[in-house]
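The sequence shown begins at 24 in my numbering and counts up by one. Remarks on the structure that follows.
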Amino acid sequence: ITPGNHTCFAGQCTLRLVGQGLATTDRLKVVQGNCSDSGTVLTPEGGSDTTLFFTFTMTATPRTLCYCASHDGDGDGATCTAAGDFVAEVGLVSIPSFVPSAPPAEETSDPAATSGV
24 ITPGNHTCFA
34 GQCTLRLVGQ
44 GLATTDRLKV
54 VQGNCSDSGT
64 VLTPEGGSDT
74 TLFFTFTMTA
84 TPRTLCYCAS
94 HDGDGDGATC
104 TAAGDFVAEV
114 GLVSIPSFVP
124 SAPPAEETSD
134 PAATSGV
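This is the structure we're talking about:
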C-alpha cells in the first residue's frame, strides 16, 4: 500500500489505495487516534489486485487510515474484525477548514436585471 494524506470535500470521501496483492476482502478502518483504537471499518466498493476504492462520510476532524490485508493479525480466528488485525497505518484523511458560506451569485445577460430598471 502506498501511504498518503487524503482530503475529503463536504464530508464525502472517496479513497483509492494502490498496492500489490490487494483483495476485495481487505478492509480499511478510519479512526480518531491510532490503529489500535476503535473506528469505522470499511469494505472496498470495488477494485483489483493493485487498487481498492473506499467511499465514506466524515466530520472535519482529521482521521487515521488503518489497513487490514485480509488476515487474522490478533489470532482470534476472524479476519479484519479486531484492532489487532489493522496493523498498517496507510495515511490521514481530513476535510479542508475553509467551506464557502454561500454559492457565488449567478451572472445574467438580461440588461434590465443588472441596470436596476
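Virtual Cβ for every residue (Gly too), placed ideally from N, Cα, C.
Across the structure, S117 and N57 are spaced so that their CA atoms are roughly 15 Å apart. Between the alpha carbons of P85 and V54 lies a gap of roughly 9 Å. Rounded to the nearest whole angstrom, the CA to CA distance from V64 to P119 is 23 Å.
Per DSSP, the beta-bridge partners of F79 are C36. Shown here, G62 sits in coil according to DSSP, grouped into three states, outside any helix or strand.
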